[in-house]
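Asks: Using the UniProt record's numbering, the letters of the sequence shown correspond one by one to residues 27 to 429.
For each residue, glycine too, the CB sits at the ideal point set by N, CA and C.
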Amino acid sequence: SQPWKSIEPIGLDAIKQLTIAFQADTNPNKILLGEGVYRDDDGKPVVLKSIREAEKILYEKKLDHEYAPVTGVASFCKGSKKFAFDPKNQEQDDRIATVQTLSGTGSLRVAAAFLNKFLPKDTEVYFPDPTWGNHNSIFNDAGFNGRIKKYPYFDAKTGGLAADGFLAAIEKMPKGSVILLHACAHNPTGVDPTREVWKKVSKACKDRELVVFFDSAYQAFATGNEVDDAWAYRYFVEEDGHQVIVTQSYAKNFGLYGERTGALHVVTGSKQEATAVTSQLAVIIRAMYSSPPIFGARVVSTVLNDENLLKQWRVDVKEMADRIRKSREALVYELHQAGSKRDWSHITDQIGMFAFTGLTPEQVERLIKEQNIYMTKDGRMSISGLNTKNIKTVAQAIHKVTS
Ligand code: PMP
27 SQPWKSIEPI
37 GLDAIKQLTI
47 AFQADTNPNK
57 ILLGEGVYRD
67 DDGKPVVLKS
77 IREAEKILYE
87 KKLDHEYAPV
97 TGVASFCKGS
107 KKFAFDPKNQ
117 EQDDRIATVQ
127 TLSGTGSLRV
137 AAAFLNKFLP
147 KDTEVYFPDP
157 TWGNHNSIFN
167 DAGFNGRIKK
177 YPYFDAKTGG
187 LAADGFLAAI
197 EKMPKGSVIL
207 LHACAHNPTG
217 VDPTREVWKK
227 VSKACKDREL
237 VVFFDSAYQA
247 FATGNEVDDA
257 WAYRYFVEED
267 GHQVIVTQSY
277 AKNFGLYGER
287 TGALHVVTGS
297 KQEATAVTSQ
307 LAVIIRAMYS
317 SPPIFGARVV
327 STVLNDENLL
337 KQWRVDVKEM
347 ADRIRKSREA
357 LVYELHQAGS
367 KRDWSHITDQ
377 IGMFAFTGLT
387 PEQVERLIKE
397 QNIYMTKDGR
407 MSISGLNTKN
417 IKTVAQAIHK
427 VTS
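Encoded structure:
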């Protein structure tokens, strides 16, 4: 038989396609401001000092390569729970079900499967508008097709948060819906709610009895401090008693992209509930990929469980966050130097890996075609692709297409 004959080729999402187009570009001066991967000032990938140290320790231990348990490396799960929540006592710790996952994406996928399995069949899930493109694909594949809705998030006029629309939308969500929130460094906009707004969001979610879902892909990468970047969901849990779900990625903050290291946390009402939830997550994982990879988990748990390495990691992650912040300032400075009269202050107001520049799809198209500078059509720029060598060129090119 020829079962695949009628299959049509299909492109990946816009971000992956952009990387492919960049790689095919033969211009030696091309610049990629696409995917959310950290680069140093030479445009090179970075392995953090703390991670190198942990690798050495692990190598010396001559560990075996046996399977991890279905729920992952135990010391990693324990460390991740502390890192994400810093539970105040044993009772709080016991109420959180934690499993290791295939980075943030795998965590989202397992969480979506869990929600689809255990929430009422008509439950809707609400994403910020806009959101990371893969959220849609992940939840669609997990069975939420036709049940994915949006809530207002970004105000294109100000380049900031549409706080009023956001809060009003929550008030209209059907009770029991799932709301997906970005814990910090919202992707793609770089716009996070202030703590005052978060408090209102928490209260509104409580009034609507929503299932609150935090995607945490940038803890410590946004502000340089892991406590500040976990503030929102810790507040939801500690102050308003939300039983949140948190999907955690170590791709950016530990620089472990390809190691696929992450965790899924489900805050429950009791130790018994947490045990039951963990067992159900294990069943989902067992059928999906049986058990997670061990190397990244061992690296992370080595860092999290060693005071000196943890201190070094804090220096490492702060250096990344600081470089991103300084690049934002430098870009705005260079835009004005290039002669731009526009207000670019949203670029320095926003936080994290991305700036939502406000460039139109046509302007981005011109940047790619005429200047070999690549970013996604929505005007999202990966700030870490900027460095002291290319920032003037980028600023001048942006000025050219926006004036
Ligand atoms: N959520 C968001 C909002 C992200 O930006 C990312 C990374 N692009 C992820 C989840 C997951 O990434 P990973 O699977 O590499 O951990």
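Can you list, in chain order, the residues of its chain whose CB lies under 7 Å from that of VAL293, leaving out five sequence neighbours each side?
Replies: Excluding positions up to five away in sequence, the list reads ARG121, ILE122, VAL263, GLN269 and VAL270.
Asks: Return helix, strand or coil for LEU361, following the three-state DSSP convention.
Replies: Three-state result, LEU361: helix.
Asks: Could you tell me the alpha carbon to alpha carbon distance between ALA246 and THR273, rounded to whole angstroms?
Replies: Rounded to whole angstroms, ALA246 to THR273 spans 15 Å at the Cα level.
Asks: In angstroms, rounded to a whole number, what distance separates the CA positions of ASN53 and LYS395?
Replies: Rounded to the nearest angstrom, the two C-alpha atoms are 11 Å apart.
Asks: Give a yes or no on contact between the stretch 188–206 and the stretch 231–242, applying the rule of three or more CB pairs nearer than 8 Å.
Replies: Yes: the two stretches touch, three or more of their Cβ pairs being nearer than 8 Å.
Asks: Should ASP67 be labelled buried (16 or more other beta-carbon atoms within 10 Å of its own) or exposed?
Replies: Per the 10 Å Cβ criterion, exposed.
Asks: Less than 8 Å between the C-beta atoms of THR97 and GLY288, yes or no?
Replies: No, the pair does not count as a contact, with Cβ atoms beyond the cut-off.
Asks: If you drop the 5 nearest sequence neighbours on each side, which residues of the same chain put their C-beta closer than 8 Å to that of ASN398?
Replies: ASP51, ASN53, ASN55, LYS56 and ILE57, listed in sequence order.
Asks: For MET401, which residues does DSSP report across the bridge?
Replies: DSSP output for MET401 lists no bridge partner at all.
Asks: Does the distance between the C-beta of TYR179 and the nearest non-hydrogen atom of ligand 1 fall short of 7 Å?
Replies: No - ligand 1 has no heavy atom lying nearer than 7 Å to the Cβ of TYR179.
Asks: From SER305 to THR124, what distance separates their C-alpha atoms?
Replies: Their backbone Cα atoms lie some 10 Å apart in a straight line.
Asks: Please report the distance separating the alpha-carbon of LYS183 from that of PHE170.
Replies: Approximately 31 Å, taken between the alpha carbons.
Asks: Which stretch, first to last residue, makes up the beta strand (DSSP E) that contains ASP66?
Replies: Neither: ASP66 is in no beta strand (DSSP E) and is coded neither H nor E.
Asks: With 16 as the cutoff for other CB atoms within 10 Å, does ILE350 come out buried or exposed?
Replies: Classification for ILE350: buried.
Asks: Please report the Cβ distance between GLY60 and SER408, rounded to the nearest whole angstrom; I am assuming they are in contact, meaning their Cβ atoms lie under 8 Å.
Replies: So it is a contact: roughly 6 Å between Cβ atoms.
Asks: Ligand 1: which residues have Cβ under 5 Å from any of its heavy atoms, chain order?
Replies: That query returns the following residues: GLY62, SER129, GLY130, THR131, TRP158, ASN213, ASP241, ALA243, SER275 and ALA277.
Asks: Take the Cβ of ALA258 as the centre, count every other Cβ of all protein chains shown within 10 Å, and call the residue buried at 16 or more, exposed below.
Replies: Buried, because 16 or more other Cβ atoms sit within 10 Å of the Cβ of ALA258.
Asks: Distance check for PRO200 and GLY216, CA to CA, integer angstroms please.
Replies: Whole-angstrom Cα-Cα distance: 28 Å.
Asks: Give the single residue among GLY378, SER106 and PRO178 whose Cα lies nearest to the Cα of CYS210.
Replies: Out of GLY378, SER106 and PRO178, GLY378 has the C-alpha closest to the C-alpha of CYS210.
Asks: Taking the alpha-carbon positions, what's the LYS176 to TYR152 distance?
Replies: Approximately 5 Å, taken between the alpha carbons.
Asks: With DSSP as the reference, identify every bridge partner of residue 19, one or two as the case may be.
Replies: Only positions 27 to 429 of the chain appear in this structure, which leaves residue 19 out of reach.
Asks: For the putative contact between ALA94 and ALA139, defined by C-beta atoms under 8 Å, what is the C-beta separation to the nearest angstrom?
Replies: Not really, about 19 Å apart at Cβ, beyond 8 Å.
Asks: Would TYR283 pass as a contact of TRP224 if the rule is Cβ separation under 8 Å?
Replies: Taking 8 Å as the Cβ cut-off, TYR283 and TRP224 do not qualify as a contacting pair.
Asks: Could you tell me the boundaries of the beta strand (DSSP E) in which ALA273 lies?
Replies: The sequence given here has Thr at residue 273, not Ala. Run containing THR273: 271–275, per the beta strand (DSSP E) assignment.
Asks: What residue from TRP30, ILE46, PRO29 and LYS31 has the CA that sits closest to GLY37's CA?
Replies: The shortest Cα separation from GLY37 among TRP30, ILE46, PRO29 and LYS31 belongs to ILE46.
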